[in-house]
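Colleague: Just passing along the structure, written as structure tokens.
Residue numbers (this note's numbering): 16 to 150.
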């Protein structure tokens, strides 16, 4: 059997996975398993476990977002100060209301505005949502 992309399928190194033709085969790290025996005999090289890429949540609670922002040095007051600088009173009030909503959506105008105001890339904003979700 010709394996490609043979790697550990879990962080505990108890399961391996490999591509075989158009299928994915998983098998235990058990000396009784002939595929694992080939690994032990040095006939097959095993790549390191790659944890799955975390998904960016669509929304987080406001408090989660504030805690994640605090982790990169952006305080609630800093956000309020930026909102206060918006010249148009209607836009300023709408932004304040969006800021105070109990849920922040990743695809919202407020998040786009905040990312631009604090010079955060889309990838940085995505990571903040991932970090916030774990709070």
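Even for Gly, the Cβ is constructed at its ideal location relative to N, Cα and C. Computed from a predicted model, the values in this text were never measured in an experiment.
1. Residue 124 to residue 62, Cα distance in whole Å?
2. Comparing alpha-carbon positions, which option in 87, 50, 117 and 77 lies nearest residue 134?
3. Go through the region 92–120 residue by residue and report every complete run of the beta strand (DSSP E) that reaches 3 residues or more, in order.
4. According to DSSP, what are the bridge partners of residue 26?
5. When burial is assigned at 16 or more other CB atoms within 10 Å of the CB, is residue 129 buried or exposed?
Modeller: On the basis of the data shown:
1. On the chain shown, position 109 is the one that residue 124 refers to. On the chain shown, position 47 is the one that residue 62 refers to. Approximately 42 Å between the Cα atoms of the pair.
2. Within the chain shown, numbered from 1, the residue matching residue 134 stands at position 119. Ranking the options by Cα distance to residue 134, first place goes to 87.
3. 118–120
4. Taking the first residue of the chain shown as position 1, residue 26 is located at position 11. Note: residue 26 sits in no beta bridge, so no partner.
5. If you number the chain shown from 1, residue 129 lands on position 114. Under this definition residue 129 is a buried residue.
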